[in-house]
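Undergrad:
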Amino acid sequence: MNIQNDILSKYIEFQRFLDGINMEELKSLSREDLSTLQKKLHEVNHRNLPYEIGKMIAKKKEEEFPQILGIHHYPELQEIAFLNEATKFRIDKHLISFRVGQYLNSFYRFITSSKKLLMLEDFLVEKGIVEQVFIVKCPCCTHGHLSKPLTIEAWDALKEKIHSFEDEEDFDALSDEGLLESFCTECDDEIDLALLKDENRIVVKKALKLIKGRDTRYDNV
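Following full-length UniProt numbering, the numbering of the sequence shown begins with 1 at its first residue and continues without gaps.
1. Hey, is the region 121–129 in contact with the region 72–80, meaning 3+ C-beta pairs nearer than 8 Å?
2. Measure the CB-CB distance between residue 209 and residue 103 and report whether it falls below 7 Å.
3. Taking C-beta to C-beta, are residue 42 and residue 214 nearer than 7 Å?
4. Mapping the DSSP letters down to three states, classify residue 136 as helix, strand or coil.
5. With DSSP as the reference, identify every bridge partner of residue 145, one or two as the case may be.
6. Please classify residue 111: is it buried, with 16 or more other beta-carbons within 10 angstroms of its beta-carbon, or exposed?
7. Can you tell which of 11, 35, 98 has its C-alpha closest to the C-alpha of residue 47?
8. Can you name, in chain order, every residue of its own chain whose Cβ lies under 7 Å from the Cβ of residue 17, other than the five neighbours on each side?
9. Do residue 150 and residue 138 count as a contact pair if the criterion is CB distance below 7 Å?
10. How is residue 44 classed by DSSP in three states: helix, strand or coil?
11. Just tell me which of 205, 113, 52, 108 has its CA closest to the CA of residue 148.
12. Just the Cα atoms here: how many angstroms apart are residue 52 and residue 113?
13. Does the beta-carbon distance from residue 162 to residue 196 come in below 7 Å?
14. So residue 85 packs on residue 211, CB below 8 Å; how close in whole Å?
15. Do residue 207 and residue 171 come within 7 Å of each other at the CB atom, strictly closer than that value?
16. If I'm right that residue 119 touches residue 89 with Cβ under 8 Å, what's the distance once you round it to whole angstroms?
17. With C-beta atoms as the reference, is residue 186 less than 7 Å away from residue 143?
18. For residue 159, which three-state DSSP category applies?
19. Starting from residue 100, follow the beta strand (DSSP E) in both directions and report where the run begins and ends.
20. What is the DSSP secondary structure of residue 29, counted as helix, strand or coil?
Written out as structure tokens, the structure reads:
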């Protein structure tokens, strides 16, 4: 019998033994005896063979496909010339911690240069990995959200509307149309949307939404 069949047969034999235990028979034991049995069973340290074999498979996979040791979830990152390989590798791993449709955390922990950070954001947008969205925040507290996430086109259209408005009723229409909320949950108060007419009072949060899934070509090889 080879090692593979030997392991499987012993695993199946032990499983059948466990399945054959009648728990009703254990009821005849005292609470103290049951506690002792439970303790001794916990003390038995079974090897986790599936886990160990999984690690071995992963090692063999790395040897067969060395690409997975580098940037491979979002291979487009390899095209970036303004970041070193270590940083690009960390960003590649960071991106897979998000699902498509989720908003990304800042890349500041990987990139300290504001210029390079903007370059990275532009690159990710250009490659169709993320989408820039804009959220209008309360001009009073600067924390509450007055709009849902807007695409750059929707934000530009909203800005144009705001700049063209002449009276307060126009701003009320924004709330009626569901484009902006006139109540700030942070301030717990009504907000005069006409304040947004003053560009110095407009507070907008920019966010990045993941719109492209990772490369899965090596998942099932």
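The C-beta atom is built at its ideal place from N, Cα and C for all residues, glycine as well.
TA: If we stick to the structure as given:
1. yes
2. yes
3. no
4. strand
5. 137
6. buried
7. 11
8. Excluding its 5 nearest sequence neighbours in each direction, residue 17 has no C-beta neighbour in its own chain below 7 Å.
9. no
10. coil
11. 205
12. 42 Å
13. yes
14. Actually they do not touch by this definition, with Cβ atoms about 25 Å apart.
15. no
16. Rounded, the Cβ-Cβ distance is 18 Å, inconsistent with contact.
17. yes
18. Residue state for residue 159 is assigned as helix, using DSSP reduced to three classes.
19. Looking at the DSSP string, residue 100 is not in any beta strand (DSSP E), and its letter there is neither H nor E.
20. coil
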